[in-house]
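Asker: Residue numbers (the numbering used here): 68 to 299.
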């Protein structure tokens, strides 16, 4: 059976395209470019070293100071630094979700407050164990190097023990940090190192046990992430 390059092998024309199909299409195109052949009756004499993989272009976003403009949320909120800042949750550049939202606060905008860069006391889960905040970077992937988390603009219910997790499918989660130390302080940023070597689309901040007020509310004032970002 002859080996034939199929110019019509377009993942966009197939239902539910996968990365494997995309890779096959790219490989076929590269073979055609190298050999100059549209088809052949025998397998071409091509070494693996002649084929190439397009490298992922990473952009490093490094922490400089608390509340700076160097983080992921600011980068996405400015469309990679090309426009004025717009809340990236509101624009759809990313999506914040929570395990639950405390009634009594304005729950219609609670998720956007996680990344709005303003101190607030209005980010809180219900008083149940294992509350979490999820971040979906959508088309971006991040090797999380460090992050800052802001203590809420109130005197109580500050967390001191939480997990930071990463995932690419929201099913299998990898724990990147088990942070157990001093409780957050009102309107004060806490800077934490992670140094993940794997890029993830999804991140989860999940409280472990009770907070500093012996309650299960998971309350923060804001977040910012830093690291090596790339786009699919």
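We treat Cβ as the ideally placed atom computed from N, Cα and C, and that holds for glycine.
Considering residue 142, what are the terminal residues of the alpha helix (DSSP H) in which it resides?
Answerer: Note, residue 142: alpha helix (DSSP H), 139-144.
Asker: DSSP state of residue 156, grouped into three classes?
Answerer: Helix, per DSSP.
Asker: In the DSSP assignment, find the unbroken alpha helix (DSSP H) run with residue 180 in it and report its ends.
Answerer: Unbroken alpha helix (DSSP H) run through residue 180: 177-180.
Asker: Would you mind reading off the limits of the beta strand (DSSP E) that contains residue 212?
Answerer: Element bounds for residue 212: 207-217.
Asker: Taking only the alpha-carbon atoms, compute the straight-line gap between residue 227 and residue 183 and give it to the nearest angstrom.
Answerer: One C-alpha to the other measures close to 22 Å.
Asker: In or out: residue 62 buried (at least 16 other Cβ within 10 Å) or exposed?
Answerer: Past the edges of the chain, shown from 68 to 299, lies residue 62, and the structure says nothing about it.
Asker: How far does the beta strand (DSSP E) with residue 296 in it extend, from its first residue to its last?
Answerer: Segment 289-298, the beta strand (DSSP E) holding residue 296.
Asker: Between residue 200 and residue 168, what straight-line distance do the alpha-carbon atoms span, to the nearest angstrom?
Answerer: Approximately 10 Å between the Cα atoms of the pair.
Asker: Expressed to the nearest angstrom, what Euclidean distance is found between the alpha-carbon atoms of residue 218 and residue 249?
Answerer: Near 12 Å, if we compare the C-alpha coordinates of residue 249 and residue 218.
Asker: Closest by CA to residue 202, which one among 166, 136, 135 and 148?
Answerer: Of 166, 136, 135 and 148, the residue nearest in Cα terms is 166.
Asker: Considering only C-alpha positions, which residue in the set 256, 299, 296 and 285 is nearest to residue 177?
Answerer: Ranking the options by Cα distance to residue 177, first place goes to 285.
Asker: Go ahead and pull the three-state DSSP assignment for residue 333.
Answerer: The first residue shown for the chain is 68 and the last is 299, placing residue 333 beyond what the model contains.
Asker: What residues in its chain sit with their C-beta under 6 Å from that of residue 204, if we drop five residues either side in the sequence?
Answerer: Hits under 6 Å: 161 and 268.
Asker: DSSP puts residue 300 in a beta bridge; with which residues?
Answerer: There is no way to answer for residue 300, as the model of the chain reaches only from 68 to 299.
Asker: Starting from residue 199 and walking both ways along the beta strand (DSSP E), at which residues does that stretch end?
Answerer: Here the beta strand (DSSP E) through residue 199 covers 199-203.
Asker: Could you tell me whether the Cβ atoms of residue 134 and residue 259 are closer together than 9 Å?
Answerer: No. Outside cutoff.
Asker: Out of 163, 174, 172 and 170, which one is the CA nearest neighbour of residue 181?
Answerer: When only C-alpha atoms are compared, the closest one is 163.
Asker: Taking residue 299 as the reference, give the member of 266, 215 and 145 with the closest Cα.
Answerer: Closest by alpha carbon: 266.
Asker: Hey, quick one: how far does the beta strand (DSSP E) through residue 161 stretch, first residue to last?
Answerer: No beta strand (DSSP E) holds residue 161; DSSP gives it neither H nor E.
Asker: Between which two residues does the beta strand (DSSP E) harbouring residue 127 extend?
Answerer: Element bounds for residue 127: 126-128.
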